[in-house]
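Please read the structure below before turning to the comments.
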Amino acid sequence: MHSLPMHFTGTHACVLGASSDIGMAVAKKLSEAGMQLTLSACSEKGIARITSAFPAATILELNLEKVARSVTIDTGVTNSPLGQIQQPDYLVDCMQSDFEGFIAGAAPKDIARYFETNISGRSICLRHVSRMMLGKRFGRCLFVSSTAGVLPNAGQGFYAASKRAGEALFQNLGIELAARGVTSCSIRLGYVQSGRGTAYIKNNPEAVKLSPARRAITSEEAASTIIFLLSDEAQMINGTTITMDGGLTACK
Amino acid sequence: MSTFTQVQHVITEVLEVEPEEVTPSTYVLRDLPTESIDLMEYGIGLNKECGISVSDDIVFLKSLRLHMAEAEDNGIEQQIHLRSVYPHLSTDRIQEILQTVNAGPVLQVQDIVAYIEHAKRA
Chain A
1 MHSLPMHFTG
11 THACVLGASS
21 DIGMAVAKKL
31 SEAGMQLTLS
41 ACSEKGIARI
51 TSAFPAATIL
61 ELNLEKVARS
71 VTIDTGVTNS
81 PLGQIQQPDY
91 LVDCMQSDFE
101 GFIAGAAPKD
111 IARYFETNIS
121 GRSICLRHVS
131 RMMLGKRFGR
141 CLFVSSTAGV
151 LPNAGQGFYA
161 ASKRAGEALF
171 QNLGIELAAR
181 GVTSCSIRLG
191 YVQSGRGTAY
201 IKNNPEAVKL
211 SPARRAITSE
221 EAASTIIFLL
231 SDEAQMINGT
241 TITMDGGLTA
251 CK
Chain B
1001 MSTFTQVQHV
1011 ITEVLEVEPE
1021 EVTPSTYVLR
1031 DLPTESIDLM
1041 EYGIGLNKEC
1051 GISVSDDIVF
1061 LKSLRLHMAE
1071 AEDNGIEQQI
1081 HLRSVYPHLS
1091 TDRIQEILQT
1101 VNAGPVLQVQ
1111 DIVAYIEHAK
1121 RA
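Just so you know, the protein sequences line up as chains A and B, in that order. Going by the numbering used here, the first residue of the first sequence is number 1, and it counts up by one from there. Going by the numbering used here, the first residue of the second sequence is number 1001, and it counts up by one from there.
Structure below.
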């Protein structure tokens, strides 16, 4: 098998939601490439998972709901865990909290909390990281999105809305800062054989067969594509969303 | 290094202009090719150069006209209201700003210097 080289100007990557299967796979590849890592998770279990797998990494317990709430009472980000993220060259955002419910059926409190975490908290985090990148005029940001954003499914409205919002944030960032060396894009993944996707595929095996590829994406495949999108060679993929779904969303 | 030199350095780094082009009385948005995104970079640069976390809104007088209107709506003298919003600016400088506000964006390099020095003292 042939292999082609990729190049990376930066040396430090921050992976949010690193305890997810995709986050772990991305962190593993970055670690193997000798990249300095800052990894975040929001639960004790997640922290234990990444600490054990990446003992040399800076580990961050990051609850974006708390981050969003703390700035609304004006304590700023310096006192929050965000202040521990130091000058990353790359940001991979795999963070996504779990919540499904019908629009008319979900509890208002749950809706507010979900969006605080996945939209407000994400925006504040992206602001924090991108300002550091702007200061050194280099940075590459990547948001891990989902085809759920464009293929509506009952019960996934809030998830879809937060993914579309994330794509919009990362798209705008790339438009605003590309001339200053900071670029950004999103990857919209179809069915992935990992994490919550594994359970979904098990319960809905017919769903995967709707994809022309007739199979789910592996974490390894997703991680390899993400790594390519971080590379110097992919920096002109900016302000846009790449779809990786085996052709799922191309079909009627 | 003086505060003015620090501010001058940040601006010349971002705009890639000569230091001679940035004096205390230089209008940041009238005399220099500053775009709104540059203001953001100035804020980040000042943070790095001076070790002070700046409020972009206050240091760059972004909401000056809003605060002027606010004073008028609440029947407060503009001079007094602006002094409370921008404590780093002297009474004379605020008076000057009010007199020249219709000529264009009033922010001068000396206003940024005043903000940083005020923050350093606090």
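Note that CB positions come from ideal geometry on N, CA and C, so glycine has one too. Remember, predicted model here, so these are calculated numbers, not experimental data.
Just the Cα atoms here: how many angstroms apart are I22 (chain A) and V1010 (chain B)? Roughly 40 angstroms between the two C-alpha positions.
Taking 8 angstroms as the threshold (C-beta atoms), are T198 (chain A) and N238 (chain A) in contact? Going by C-beta atoms, N238 (chain A) is not nearer than 8 angstroms to T198 (chain A).
Roughly how many angstroms lie between the CA atoms of M1 (chain A) and L248 (chain A), to the nearest whole one? When rounded, the distance between both Cα atoms is 28 angstroms.
Beta carbon of G246 (chain A), beta carbon of A213 (chain A): below 8 angstroms? Result yes, Cβ atoms of G246 (chain A) and A213 (chain A) sit closer than 8 angstroms.
Can you tell me whether I1076 (chain B) is buried or exposed, with buried defined as 16 or more other CB within 10 angstroms of its CB? When all chains shown are included, I1076 (chain B) counts as exposed.
Where do the N-terminal and C-terminal ends of the beta strand (DSSP E) with M244 (chain A) fall, by residue? Note, M244 (chain A): beta strand (DSSP E), 240-244.
Taking just the CA atoms, how far does S123 (chain A) sit from L169 (chain A)? Approximately 7 angstroms, taken between the alpha carbons.
Distance, G149 (chain A) Cα to K163 (chain A) Cα: About 6 angstroms.
Going by other Cβ atoms of all chains shown within 10 Å of its Cβ, with 16 needed for buried, is A254 (chain A) buried or exposed? Outside the modelled stretch of chain A, which goes from 1 to 252, sits residue 254 (chain A), for which no answer is possible.
Amino acids of chain B, ordered along the chain, whose beta-carbon sits closer than 7 angstroms to that of E176 (chain A): Those within 7 angstroms of E176 (chain A) in chain B are I1037.
In the region 28-63 of chain A, which residue ranges form an unbroken beta strand (DSSP E) of at least 3 residues, counting only runs that do not cross its ends? If we require 3 residues or more, the beta strand (DSSP E) runs fully inside the region 28-63 of chain A come out as 36-41, 58-61.
How far does the beta strand (DSSP E) with H12 (chain A) in it reach, from first residue to last? Following the DSSP letters along the chain, one finds H12 (chain A) inside the beta strand (DSSP E) bounded by residues 12-16.
Output yes if chain B places a C-beta closer than 8 angstroms to the C-beta of L16 (chain A); else output no. No, because no Cβ of chain B sits closer than 8 angstroms to the Cβ of L16 (chain A).
Can you check DSSP and say which residues form a bridge with L142 (chain A)? Beta-bridge analysis with DSSP links L142 (chain A) to A:V92, A:C185.
Please report the distance separating the alpha-carbon of K28 (chain A) from that of F54 (chain A). The alpha-carbon of K28 (chain A) is positioned some 8 angstroms away from that of F54 (chain A).
What does DSSP give as the partner residues of V192 (chain A) in its beta bridges? According to DSSP, V192 (chain A) bridges with A:I217.
Which residues mark the beginning and the end of the alpha helix (DSSP H) in which A165 (chain A) is found? Start and end: 157-177.
Using 8 angstroms as the cut-off, can you tell me whether the region 1078-1098 of chain B makes contact with the region 1035-1047 of chain B, which would need three or more C-beta pairs spanning the two stretches below that distance? The answer is no - the region 1035-1047 of chain B does not touch the region 1078-1098 of chain B, with fewer than three Cβ pairs under 8 angstroms.
So which residues of chain A does K1120 (chain B) contact, with C-beta pairs closer than 7 angstroms? Within 7 angstroms Cβ-Cβ: nothing; K1120 (chain B) doesn't reach chain A, min ~17 angstroms.
Interface residues of chain B facing G181 (chain A) [CB-CB closer than 9 angstroms]: What G181 (chain A) touches in chain B: nothing, since even the nearest Cβ is about 11 angstroms away.
From P259 (chain A) to L60 (chain A), what distance separates their C-alpha atoms? The question about residue 259 (chain A) has no answer here: the residues shown for chain A are numbered 1 through 252.
At the 8 angstroms Cβ level, is V1022 (chain B) part of the contact set with chain A, yes or no? By this cut-off, V1022 (chain B) is not an interface position.
Partners in chain B for L134 (chain A), counting only beta-carbon separations shorter than 8 angstroms: The answer, in chain order, is M1040, E1041, I1044.
Which residue from A:K202, A:L39, A:L177, A:A207 puts its Cα closest to that of G190 (chain A)? Out of A:K202, A:L39, A:L177, A:A207, A:A207 has the C-alpha closest to the C-alpha of G190 (chain A).
Ignore the nearest five residues each way along the sequence and tell me which others in A160 (chain A)'s own chain have a CB closer than 7 angstroms to its CB. Cβ neighbours of A160 (chain A) within its own chain (closer than 7 angstroms, five residues either side excluded): A148, G149, P152.
P5 (chain A) burial status per 10 Å Cβ neighbour count (16 or more: buried): P5 (chain A) sits exposed, since fewer than 16 C-beta atoms from the chains shown fall within 10 Å of its C-beta.
Can you name the start and end residues of the alpha helix (DSSP H) that V232 (chain A) belongs to? The displayed chain sequence assigns Asp, not Val, to residue 232 (chain A). No alpha helix (DSSP H) contains D232 (chain A), which DSSP labels as neither H nor E.
Under a CB-based cut-off of 8 angstroms, is R196 (chain A) close to chain B? No, R196 (chain A) lies away from the interface with chain B (no Cβ there is under 8 angstroms from its Cβ).
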